[in-house]
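Take a look at the structure set out below.
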Amino acid sequence: MRKEFFLKMLVIVILMAIYQNKILSQEYDGIPCSFGKNPHFDSKILSKIKENKSSLELKEPLSSSDPEHYQDWASSLLKSEYTGKINQLKSPSSGKFEINDPSDVRKSCMYSAASIVDKNKNTAWAEGVEGDGIGEMVFVHLDVNRNLKIWSGFGKSDHLFKANNRPDLIGIHLLIANKCSGAQDTEIYSNFTYVGSFDYKLDDLNNYQKLEIPETLLKKYKSIITKNNIFYDCYKNNINSFLLIEIKSVYKGTKYSDTLISEIAYD
Ligand SMILES: [Ca+2]
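Residue numbers (my numbering): 633 to 899.
Listed below in structure tokens is the structure:
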């Protein structure tokens, strides 16, 4: 009798394990950073910004443990190769499987826009569409009054730099967030004004190179700031300028067609 009971329980446990695994593998996609199929920013939103009709909100996390907010900062991002190994726990409140461990969140979001501003040339934003990613865009939040530099391509190693695409010509759009409000763990930037854009030719270099913004555009930026009289209610910083980087052409990778940018920082 006891043996029968034990066997029954064993079968139930095995069935539960199989069922659980099935749910987990189905739920892996898109949590917490989604990929190319689910863009949060696109050229239609950019057109609306140009017409002052956009309701775009960019959430900037206060902690580097929350890079999932940065998935809204790009038109696509490459699916992390670590996704399959990430643990998910069932949330008691929603019943959904979620990633709770910050290090797992970071793994899932490894190619998000967070990787452009993490001061680490070994991490990068990568576009996540088929082909070379021409027309794909990513936001960075930096003070354009300061000198800037860019590390285009995957700076992790010479091998990876050459194996992947590097941006050749990029379009740089300058925007102003007229509003910022502090939330629990993020700052929310909204009410964007489009200042203008220019094309910038990059060298095929596995290192930092200058990113210079034309004086005429900076002059226009400063005149808009003065006119708009921007008031911020942020916790962390009061930088109102955003750059939207658009891939226009690439230096082809020897092995992959993913285009990456490792870092944009102050020079
Ligand atoms: Ca980086």
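Yeah, the Cβ is synthetic: ideal placement off N, Cα and C, and Gly gets one too.
Asked: Cα-Cα separation, residue 652 to residue 734; Found: In this prediction, residue 652 scores a pLDDT of 45, lower than 50, which makes its location untrustworthy; the coordinate-derived value is nonetheless stated afterwards. Computed Cα separation, rounded: 23 Å.
Asked: Beta-ladder partner(s) of residue 818, from DSSP; Found: 693
Asked: CA nearest to the CA of residue 822, picked from 791, 799, 636 and 684; Found: 684
Asked: Same chain only: Cβ atoms within 6 Å of residue 671, ignoring 5 sequence neighbours per side; Found: Residue placement at residue 671 is poorly supported in this model, since its pLDDT is 49, which falls under 50; the coordinates still yield a value, given next. Contacts found: 707 and 708.
Asked: Under 8 Å between C-beta atoms of residue 905 and residue 808; Found: Examination of residue 905 is not possible in this model, given that the chain is present from 633 through 899 alone.
Asked: Candidates 802, 892 and 742: closest to residue 701 by CA position; Found: 742
Asked: Proximity of residue 764 and residue 797 at Cβ, strictly below 8 Å; Found: yes
Asked: Residue 692 to residue 636 span [Cα, whole Å]; Found: 57 Å
Asked: Nearest-angstrom Cα separation, counted from residue 687 out to residue 813; Found: 14 Å
Asked: Residues bridged to residue 705 (per DSSP); Found: Its beta-bridge partners do not exist; DSSP assigns none.
Asked: Exposed unless 16 or more other CB atoms sit within 10 angstroms - verdict on residue 776; Found: buried
Asked: Backbone CA spacing between residue 804 and residue 840 [nearest angstrom]; Found: 17 Å
Asked: Among 897, 873, 881 and 869, the one whose alpha carbon lies nearest that of residue 852; Found: 873
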